[in-house]
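Peer 1: Before we start, here is the structure in question, set down as structure tokens.
Number of protein chains: 2
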Amino acid sequence: MSQVAVAYPADRVSLREVGLRDGLQLVKNWPSTDEKREWLAREHAAGVRHFEVGSFLPASRMPQFADVRELVDAVSRLEGARSAALALNERGVADAFETEVDEIVCVISATEEHSQANMRRSRAEAIDLVRMAARMRDERGHKAIVNAGIAMAFGCSIAGEVDQAEVLRLAGACIEAGADIVGIADTVGFAGPRQVAELSAAMARLSGGAFIVHLHDTRGMGIANASAALDAGCRVLDGSLGGLGGCPFAPGATGNVVFEDLVFLCETKGFATGIDLDALAAARSVPKHAMPEEKFYGAIARAGLPRALDWRA
Amino acid sequence: MSQVAVAYPADRVSLREVGLRDGLQLVKNWPSTDEKREWLAREHAAGVRHFEVGSFLPASRMPQFADVRELVDAVSRLEGARSAALALNERGVADAFETEVDEIVCVISATEEHSQANMRRSRAEAIDLVRMAARMRDERGHKAIVNAGIAMAFGCSIAGEVDQAEVLRLAGACIEAGADIVGIADTVGFAGPRQVAELSAAMARLSGGAFIVHLHDTRGMGIANASAALDAGCRVLDGSLGGLGGCPFAPGATGNVVFEDLVFLCETKGFATGIDLDALAAARSVPKHAMPEEKFYGAIARAGLPRALDWRA
Chain A
1 MSQVAVAYPA
11 DRVSLREVGL
21 RDGLQLVKNW
31 PSTDEKREWL
41 AREHAAGVRH
51 FEVGSFLPAS
61 RMPQFADVRE
71 LVDAVSRLEG
81 ARSAALALNE
91 RGVADAFETE
101 VDEIVCVISA
111 TEEHSQANMR
121 RSRAEAIDLV
131 RMAARMRDER
141 GHKAIVNAGI
151 AMAFGCSIAG
161 EVDQAEVLRL
171 AGACIEAGAD
181 IVGIADTVGF
191 AGPRQVAELS
201 AAMARLSGGA
211 FIVHLHDTRG
221 MGIANASAAL
231 DAGCRVLDGS
241 LGGLGGCPFA
251 PGATGNVVFE
261 DLVFLCETKG
271 FATGIDLDAL
281 AAARSVPKHA
291 MPEEKFYGAI
301 ARAGLPRALD
311 WRA
Chain B
1001 MSQVAVAYPA
1011 DRVSLREVGL
1021 RDGLQLVKNW
1031 PSTDEKREWL
1041 AREHAAGVRH
1051 FEVGSFLPAS
1061 RMPQFADVRE
1071 LVDAVSRLEG
1081 ARSAALALNE
1091 RGVADAFETE
1101 VDEIVCVISA
1111 TEEHSQANMR
1121 RSRAEAIDLV
1131 RMAARMRDER
1141 GHKAIVNAGI
1151 AMAFGCSIAG
1161 EVDQAEVLRL
1171 AGACIEAGAD
1181 IVGIADTVGF
1191 AGPRQVAELS
1201 AAMARLSGGA
1211 FIVHLHDTRG
1221 MGIANASAAL
1231 DAGCRVLDGS
1241 LGGLGGCPFA
1251 PGATGNVVFE
1261 DLVFLCETKG
1271 FATGIDLDAL
1281 AAARSVPKHA
1291 MPEEKFYGAI
1301 ARAGLPRALD
1311 WRA
């Protein structure tokens, strides 16, 4: 069985907690390494198994991710848990392979304009980085899977509309370059469920297996989009505890789709997550205590679970 | 063409603003009649056409609805707008027919337990009230359509699980009793999109035409459930500006599905609403100013519309 099929079995839903990476991308203060370990441990105890924990970048550029190696280690000590981390340049990829990280995430922009503005490199160069990561994986026999995430896949805050055919072309190029799995990201929360369903169905055909849908709740469509992705065959979804992680292009907007609400959605749709929702909601106290100035979202945490009936499908 | 087909054409989505009724059900303070008129006028100017404006009840019991007649009149002066109001007992129905209201809403609980607790009458008696309203409509040749709304249709905070067959039986009994249209309400926000899709599809078959889905966003599933209802053939959905309208069974929980976000959802799915979303979001200022202590929700109002592209499908 391929590493991807082990990490993301086809017969169940896998939910990736990206709060420790995407959720900390824009914050002014962040939890200490110990607090992050506690955060991971609490979510792991609730049943979460996939954690994106940071980015391999110089600490001078993104000090909130300076402890990425310690967190990769922390995840490796949690039974059945898998770590993922971003690597946005050659140095980051090389650094990542020096660790026991389970998944290395490279990012490709759907549009040339965003690629240049965000990463100061072309999309072709971004795909070259995927190729380099895949080659390093193969040469070293490293266990890490290479994840190529396509940002702005549903519309770009700079270039505007994004043709789905172009996203699929890029996804194909990433697979061709050796990516084990491809993700599509609604980076700025432009998508509606119809668009998500269409692109997800096409990604299911293209990948022939697992692919990731990464959604932001900027315009309130997060859970509806996740539902559409599940209906279209997606089995790997990202979220963040309390919806942590704002949007640089929409000040004051909510962040990633709320992990707790995403779990509730999956369970009502008949996808067992293995996650204890009460314990998950209680885990919010760790990042909330560490970042009292941040806003945490989520309806389950606010209203509680239905108690009068079994809400699991 | 039937009155229902005129009110709710089959070839488009109709969105019912229930904020002036459901949204004011639990508030301690409410807008003055003039402020409510301004609220209606602003939403009408934005393109909203369906307004539930109160309940025909003694002012001593629900003082926030004491001006229901004035609001029915106010709506009748807004071009193309239609008013609806609740009538929960014989007196209310009789009073309603003394006005020019366009739609009289009777409520039936999906469970006997909730029916007794909420209305101190049995479900059979609630259906008798529908029958009385339908008879009065026919005898007087009154233009009003009779709407039978089934509360707790997706689960009951008292009785727990609700069998879909039972909801369909009640819906059929309401139609048999003369209801022009039936609604299904997720009164306490228990539903997920799968359940909404299933019951909506069954309601589409049963009604052979229009039916209403009334959702609360208590557990964050509101927009996802609306999307599922649309996919299953529902073309009439309720919402409230800013998601006004809490839940008596989940303190602190959000209320109805947010009208603005519902409009965005519909448009991204290719259902033209005729509603100007910027103007709609701006109309929030009226109830917000009148009820500064109430919390208003909604992602579109917070993040704004996507500006880089045309988000309408």
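Quick mapping for you: the protein sequence lines, in order, are chains A and B.
Residues in the first sequence are numbered consecutively from 1, following the numbering used here.
Residues in the second sequence are numbered consecutively from 1001, following the numbering used here.
By construction, the Cβ of each residue, glycine as well, lies at the ideal position given by its N, Cα and C atoms.
Small disclaimer: the values here were computed from a predicted structure and weren't measured.
1. Are the CB atoms of residue 1188 of chain B and residue 1157 of chain B within a distance shorter than 8 Å?
2. Relative to the C-alpha of residue 1066 of chain B, which candidate in B:1086, B:1226 and B:1048 has its C-alpha closest?
3. Mind listing, in chain order, the continuous alpha helix (DSSP H) runs of no fewer than 4 residues lying wholly within the region 166-231 of chain A?
4. Terminal residues of the continuous alpha helix (DSSP H) containing residue 300 of chain A?
5. For the region 158-190 of chain A, enumerate the residues whose C-beta is nearer than 9 Å to any C-beta of chain B, in chain order.
6. Given a threshold of 16 other Cβ atoms within 10 Å of its Cβ, counted over all protein chains shown, does residue 1316 of chain B qualify as buried or as exposed?
7. If you reduce the DSSP assignment to three classes, tell me which class residue 156 of chain A lands in.
8. Please work out which residues of its chain come closer than 8 Å, Cβ to Cβ, to residue 178 of chain A, disregarding the five sequence neighbours upstream and downstream, and give them in chain order.
9. Near residue 1092 of chain B, what residues of its chain come up, given a Cβ to Cβ distance below 8 Å and the 5 sequence neighbours on each side ignored?
10. Give a yes or no on whether the minimum CB-CB distance between residue 1227 of chain B and chain A is below 8 Å.
11. Judging by CA-CA distance, which residue of B:1110, B:1109 and B:1072 is the nearest neighbour of residue 1099 of chain B?
12. Round the Cβ separation of residue 31 of chain A and residue 290 of chain A to the nearest angstrom and send it over; I've been treating them as touching at under 8 Å.
13. So the candidates are B:1140, B:1141, B:1223 and B:1123; which of them puts its Cα closest to the Cα of residue 1151 of chain B?
14. Look at the Cβ atom of residue 185 of chain A, then the Cβ atom of residue 224 of chain A, and state whether they are nearer than 8 Å.
15. Are the region 214-224 of chain A and the region 1250-1266 of chain B in contact at 8 Å, needing three or more beta carbon pairs?
16. Can you pull out the residues from the region 1141-1158 of chain B whose beta carbon lies closer than 8 Å to at least one beta carbon of chain A?
17. When the Cα atoms are used, what is the spatial distance from residue 292 of chain A to residue 46 of chain A?
18. Given a cut-off of 8 Å on the beta-carbon distance, is the pair residue 194 of chain A and residue 1268 of chain B in contact?
19. Please go through the region 244-287 of chain A and give each complete alpha helix (DSSP H) segment of 4 or more residues, from N-terminal end onward.
20. As a quick exercise: from B:1235, B:1215 and B:1231, pick the residue whose alpha carbon is nearest that of residue 1207 of chain B.
21. Which residue comes first and which comes last in the alpha helix (DSSP H) that contains residue 118 of chain A?
22. Which of the three DSSP states is assigned to residue 1032 of chain B in this structure?
23. Flag this pair as yes or no: are the beta carbons of residue 1308 of chain B and residue 160 of chain A separated by less than 8 Å?
24. Based on DSSP bridge pairs, tell me the residues matched to residue 127 of chain A.
25. Should residue 1083 of chain B and residue 1070 of chain B be called a contact, given that it needs their Cβ atoms to be closer than 8 Å?
26. Less than 8 Å between the C-beta atoms of residue 1202 of chain B and residue 1168 of chain B, yes or no?
27. Spatial neighbours of residue 228 of chain A within its chain, please: C-beta separation below 6 Å, excluding the five flanking residues on both sides.
28. What is the rounded straight-line gap between the Cα of residue 253 of chain A and the Cα of residue 1144 of chain B?
29. Would you please state the rounded distance, in angstroms, between the beta carbons of residue 25 of chain A and residue 245 of chain A? I believe it to be under 8 Å.
30. Which value, in whole angstroms, describes the spacing of the CA atoms of residue 1049 of chain B and residue 1040 of chain B?
31. Please tell me whether residue 1232 of chain B and residue 1204 of chain B are closer than 8 Å, where the distance is taken between their beta carbons.
32. Kindly indicate which residue of B:1172, B:1287 and B:1230 has the alpha-carbon position closest to the one of residue 1035 of chain B.
33. What separation, rounded to the nearest whole angstrom, lies between the Cα atoms of residue 119 of chain A and residue 89 of chain A?
34. By the three-class DSSP mapping on this structure, what secondary structure does residue 1050 of chain B have?
35. Beta-carbon of residue 1290 of chain B versus every beta-carbon of chain A: anything under 8 Å?
36. By the three-class DSSP mapping on this structure, what secondary structure does residue 141 of chain A have?
Peer 2: The relevant details are as follows:
1. Position 157 of the second sequence, counting from 1, holds the residue named residue 1157 of chain B. Position 188 of the second sequence, counting from 1, holds the residue named residue 1188 of chain B. Contact: yes.
2. If you number the second sequence from 1, residue 1066 of chain B lands on position 66. Minimum Cα distance to residue 1066 of chain B is reached at B:1086.
3. Listed in chain order, they are 193-207 and 222-231.
4. For the purposes of this step, residue 300 of chain A is taken as residue 300 along the first sequence, with counting starting at 1. Where residue 300 of chain A is concerned, the enclosing alpha helix (DSSP H) stretches over 299-303.
5. So the list reads 158, 159, 160, 161, 162, 188, 189 and 190, given in the order they occur along the chain.
6. Only positions 1001 to 1313 of chain B appear in the structure, and residue 1316 of chain B is not among them; the question remains open.
7. Counted from its first residue, the first sequence places residue 156 of chain A at position 156. In this structure, residue 156 of chain A counts as strand in the three-state DSSP scheme.
8. The residue given as residue 178 of chain A occupies position 178 in the first sequence. Within its own chain, the residues whose Cβ lies closer than 8 Å to the Cβ of residue 178 of chain A, once the five positions on either side in sequence are excluded, are 130, 131, 133, 134, 135, 137, 138 and 146, listed in chain order.
9. Within the second sequence, numbered from 1, the residue matching residue 1092 of chain B stands at position 92. Cβ neighbours of residue 1092 of chain B beyond the five flanking positions: 1055, 1056, 1057 and 1086.
10. Working through the second sequence from its first residue, we reach residue 1227 of chain B at position 227. Among the CB atoms of chain A, one or more fall inside 8 Å of the CB of residue 1227 of chain B.
11. In the second sequence, counting from the first residue as 1, residue 1099 of chain B sits at position 99. Selected option, being the one with the closest Cα: B:1072.
12. Position 31 of the first sequence holds residue 31 of chain A. Position 290 of the first sequence holds residue 290 of chain A. Their Cβ separation, rounded to whole angstroms, is 4 Å, which keeps residue 31 of chain A and residue 290 of chain A in contact under 8 Å.
13. In the second sequence, residue 1151 of chain B corresponds to position 151, counting from 1. In terms of Cα proximity to residue 1151 of chain B, the closest of B:1140, B:1141, B:1223 and B:1123 is B:1123.
14. Taking the first sequence and counting its residues from 1, one reaches residue 185 of chain A at position 185. Taking the first sequence and counting its residues from 1, one reaches residue 224 of chain A at position 224. Their beta carbons are not under 8 Å apart, which means residue 185 of chain A does not touch residue 224 of chain A by this criterion.
15. In short, these stretches touch, since the Cβ pair count reaches three.
16. From the region 1141-1158 of chain B, only 1155, 1156, 1157 and 1158 have a Cβ closer than 8 Å to chain A.
17. Reading the first sequence from its first residue, position 292 is the one you call residue 292 of chain A. Reading the first sequence from its first residue, position 46 is the one you call residue 46 of chain A. Cα to Cα, the separation comes out at about 22 Å.
18. For this step, residue 194 of chain A is matched to residue 194 along the first sequence. For this step, residue 1268 of chain B is matched to residue 268 along the second sequence. The answer is yes: Cβ separation under 8 Å.
19. Listed in chain order, the complete alpha helix (DSSP H) runs (minimum 4 residues) inside the region 244-287 of chain A are 259-268 and 277-282.
20. Residue 1207 of chain B sits at position 207 when you count from the first residue of the second sequence. Comparing Cα positions, the closest option is B:1235.
21. The sequence position of residue 118 of chain A within the first sequence is 118, counting from 1. For residue 118 of chain A, the uninterrupted alpha helix (DSSP H) segment begins and ends at 112-119.
22. As a working note, residue 1032 of chain B is residue 32 in the second sequence. Of the three classes helix, strand and coil, the one that applies to residue 1032 of chain B here is coil, per DSSP.
23. Here residue 1308 of chain B is taken as the residue at index 308 of the second sequence, counted from 1. Here residue 160 of chain A is taken as the residue at index 160 of the first sequence, counted from 1. Their beta carbons are under 8 Å apart, which means residue 1308 of chain B touches residue 160 of chain A by this criterion.
24. If you number the first sequence from 1, residue 127 of chain A lands on position 127. Residue 127 of chain A is not bridged to any residue.
25. Counted from its first residue, the second sequence places residue 1083 of chain B at position 83. Counted from its first residue, the second sequence places residue 1070 of chain B at position 70. No. Outside cutoff.
26. In the second sequence, residue 1202 of chain B corresponds to position 202, counting from 1. In the second sequence, residue 1168 of chain B corresponds to position 168, counting from 1. Yes; because the gap between Cβ atoms is below 8 Å, this pair is in contact.
27. Your numbering for residue 228 of chain A matches position 228 in the first sequence. 193, 196 and 197, listed in sequence order.
28. Along the first sequence, one-based indexing puts residue 253 of chain A at 253. Along the second sequence, one-based indexing puts residue 1144 of chain B at 144. Straight-line Cα distance between these residues: approximately 42 Å.
29. Counting from one through the first sequence, the residue named residue 25 of chain A turns up at place 25. Counting from one through the first sequence, the residue named residue 245 of chain A turns up at place 245. Confirmed, about 6 Å.
30. Position 49 of the second sequence, counted from the first residue, corresponds to residue 1049 of chain B. Position 40 of the second sequence, counted from the first residue, corresponds to residue 1040 of chain B. Approximately 9 Å between the Cα atoms of the pair.
31. Translated into positions along the second sequence, residue 1232 of chain B becomes position 232. Translated into positions along the second sequence, residue 1204 of chain B becomes position 204. Yes, they are a contact pair.
32. Within the second sequence, numbered from 1, the residue matching residue 1035 of chain B stands at position 35. Of the candidates B:1172, B:1287 and B:1230, the residue whose Cα lies closest to the Cα of residue 1035 of chain B is B:1287.
33. Against the first sequence, residue 119 of chain A aligns to sequence position 119. Against the first sequence, residue 89 of chain A aligns to sequence position 89. Separation of residue 119 of chain A and residue 89 of chain A (C-alpha to C-alpha, rounded to the nearest whole angstrom) is 9 Å.
34. The residue labelled residue 1050 of chain B in the question sits at position 50 within the second sequence. Strand at residue 1050 of chain B.
35. Along the second sequence, read from residue 1 onward, the residue named residue 1290 of chain B stands at position 290. Under the 8 Å criterion on CB atoms, residue 1290 of chain B is classed as non-interfacial with respect to chain A.
36. Numbered from 1 along the first sequence, position 141 holds the residue referred to as residue 141 of chain A. Coil at residue 141 of chain A, not helix or strand.
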